[in-house]
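Under the working numbering, the first residue of the sequence shown carries the number 12, and numbering increases by one thereafter. All C-beta atoms in this analysis are idealised placements derived from N, C-alpha and C, irrespective of residue type, glycine included. Bear in mind that the values here come from a model prediction, so they are computed numbers and not experimental data. Worksheet for the structure shown next.
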Amino acid sequence: MRLNHSRRTTLSTAVALALGVTIAGGMTTAAHAAEVPQATARVAVAHVAAADEGIAPFVSAEAAALSTEPLDDIVDDAEAALDDAEAAIAAAEAAETKVAKKVKSSKLDISGATTVDTTVLEEHVEQLETIAVTPVLLLPDNTADAAADTAKVKKATVSLLDRLEKAEKKRAAEIAAKKAAAKKAAAEAAAKKAAEEAAASASSSSSGSGSVSGGSAASSGDNSVAGAKATARALLADRGWGSDQFSCLDKLWQKESGWNYRAYNSSSGAYGIPQALPGSKMGSAGSDWETSAATQIRWGLGYIDGRYGTPCGAWDHSQSVGWY
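Given below as structure tokens:
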């Protein structure tokens, strides 16, 4: 049970008077207490308790402390608690600053609060900073309260820094995962491109070699060699190409298929006048690609235009490597 205000004041005043120390508001101060011999303090407490039977049963923890602990030790404990509290506040502020910078620079996602509440502890610091004029009987409680809140602030600071570390590790793992994914995607794209280029090279190379079998009579339109060449001249003109380009085209397709719309390369599977590989590619120019020289020629000229620019460009390439 704690002393009520009137009894506590009476006890404090009595102890101070018994010690012969100047009283400020009924309480002896730490500055004066430091000069009082410990034996005198013990005698004073015992004397007050014996003199007032109403007070004796309610001797407070503070008075008990005075009777068992040297006064200068009480003051030393208070000063140590003050130093510890100030250090805890400084550490909390440093942690907050560190977290704020990391969040801003690295866009970290930190769970929970990013600050440490030191309001109560700062109030204890203000109290303890007045040790020199604080009644000694109040110091033990002030010291204990400050120590308890100092521990809370330290714990909150450690928690904040731990959460910062976890957020940094998570962020680093995410960045590493993104880099690995990008590297994998780039490798897959490069492999796919290399495979496509190899396939295109193989098909183009095979289209210029192998035996070409002749076909039967045209099933529709003028699919004869003369008719096919006439169609080619007309389509060349539509593209703005002159007779010089037809000369190159004539030599190119004569080499590839002999202008036979049914020409088939048994070794590669290339088909038609332009020797498309596979022949079904020419379906983009018309569904009758298997039986129409005109459809094959339209597709072939589009292929040449897109890949080599002109028939002469395709012919030059064919002469250089054997295929186009």
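Length of the line joining the Cα atoms of P146 and D87: 14 Å
Segment limits, alpha helix (DSSP H) that includes S278: It is not in any alpha helix (DSSP H) - S278 carries neither H nor E in the DSSP assignment.
A193 versus L263: straight-line alpha-carbon distance, rounded: 44 Å
Beta carbon of L119 nearer than 7 Å to that of R174: no
Inter-stretch contact at 8 Å, needing at least 3 Cβ pairs: the region 231-249 / the region 190-210: Cβ pair count under 8 Å is below three, so no.
Alpha helix (DSSP H) runs contained entirely in the region 105-149, provided each spans 4 or more residues: 130-139
Start and end residues, alpha helix (DSSP H) containing I284: Per DSSP, I284 belongs to no alpha helix (DSSP H) and is neither H nor E.
Endpoints, alpha helix (DSSP H) assigned at E267: That run of the alpha helix (DSSP H) goes 254-267.
Nearest-angstrom Cα separation, counted from G317 out to V110: 58 Å
Whole-angstrom distance between V169 and K203, CA atom to CA atom: Cα to Cα, K203 sits roughly 51 Å from V169.
Cα-Cα separation between R53 and A167, rounded to whole angstroms: Interpretation of R53 is limited by its pLDDT of 43, a score under 50 that renders its predicted location unreliable; no figure is taken from the coordinates.
At least three beta-carbon pairs within less than 8 Å, the region 88-101 to the region 151-158: yes
E176 at chain B interface by Cβ criterion, 7 Å: Considering every chain present, this structure includes no chain B. It has just one protein chain.
DSSP state of G290 mapped onto helix, strand, coil: helix
Q265 burial status per 10 Å Cβ neighbour count (16 or more: buried): Exposed, since its Cβ has fewer than 16 Cβ neighbours within 10 Å.
Cβ pair W270, I284 closer than 7 Å: Their beta carbons are under 7 Å apart, which means W270 touches I284 by this criterion.
Where E134 falls, given that 16 or more other Cβ within 10 Å makes a residue buried: exposed
Proximity to V114 [Cα-Cα], best of L82, G333, L171, K189: Comparing Cα-Cα distances from V114 to each of L82, G333, L171, K189, the minimum goes to L171.
Distance, K195 Cα to A325 Cα: The alpha-carbon atoms of A325 and K195 are separated by roughly 36 Å.
Three-state secondary structure (DSSP) of N234: coil
CA-to-CA distance, E97 to A103, given in whole angstroms: 10 Å
Buried versus exposed, by CB contacts within 10 Å (16 or more), V332: exposed
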